[in-house]
Structures are given as C-alpha cells and as structure tokens.
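Q: Residue numbers (our numbering): 994 to 1104.
If you scroll down you'll find the structure; I have some questions about it.
Structural data, given as structure tokens:
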C-alpha cells in the first residue's frame, strides 16, 4: 500500500497557505510566543515592531529566522536587497516579498 503525506503550511495571521511560511519567535513581558508567518506577514510584523525595537535595548542573542525552504531573511535584509536591486537595474517593489531571482542575484553578487 502506498501512502502520500501532504504537509500544508498556514500563515497564522492570514490563514492562507504559504510554502514559504517560517516560525518566528518573540517575547513580551517575559512570555515567549511563536508564530508561523509568510514573508508578507513577517514584513508586517517587523514594520509594526520597528519603532519599539529601535527605541529598546537588546537582550540575549539574536537568531535569524529560517524558512521551511532553508532561506533566512528579515526586514533589514529586504531593505538592503531592494536598494542593491534598484542600483543594479532590477525592478523591485518597495513593499512585500522580494523575488527569489533578485535574492539569488544579490547573494551571488555578495560572494
């Protein structure tokens, strides 16, 4: 008998399926939280927290989130990639997910 197991990743914020969803952790008042987010939702989380993280003090070690596809990323990475892409003639939106092609070109240029 053959079996096929299908795993579907769901963005906890939107309820939408996302093959690029990754688990992200944060804490508030000593309580840790984990949330699975697709790239757009993660960008929204970072944008919402940005004023507080800029004004706050860091504690502990930071870990880069790793998506289920093995990619790492964050708002800072996206901003740097967008700036590089624009300087190098790529068409890139100011918001939302940065395409895989642009991310790969950026990584290749950084080597």
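The beta carbon of each residue, even a glycine, is placed where N, CA and C say it ideally should be.
What is the DSSP secondary structure of residue 1029, reduced to helix, strand or coil?
A: strand
Q: Let me know the secondary structure DSSP gives residue 1095 once reduced to three states.
A: helix
Q: According to the Cβ coordinates, are residue 1105 and residue 1080 closer than 9 Å?
A: Past the boundaries of the shown model lies residue 1105; the chain is included only from 994 to 1104, so the question cannot be answered.
Q: Whole angstroms are fine: how far does the CA of residue 1101 sit from the CA of residue 1014?
A: 24 Å
Q: Would you kindly work out how many angstroms separate the C-alpha atoms of residue 1009 and residue 999, rounded to a whole number?
A: Going by C-alpha positions, residue 1009 is about 16 Å away from residue 999.
Q: Do residue 1032 and residue 1089 have their beta-carbon atoms positioned less than 9 Å apart in this structure?
A: Residue 1032 sits close to residue 1089, with the two beta carbons spaced by under 9 Å.
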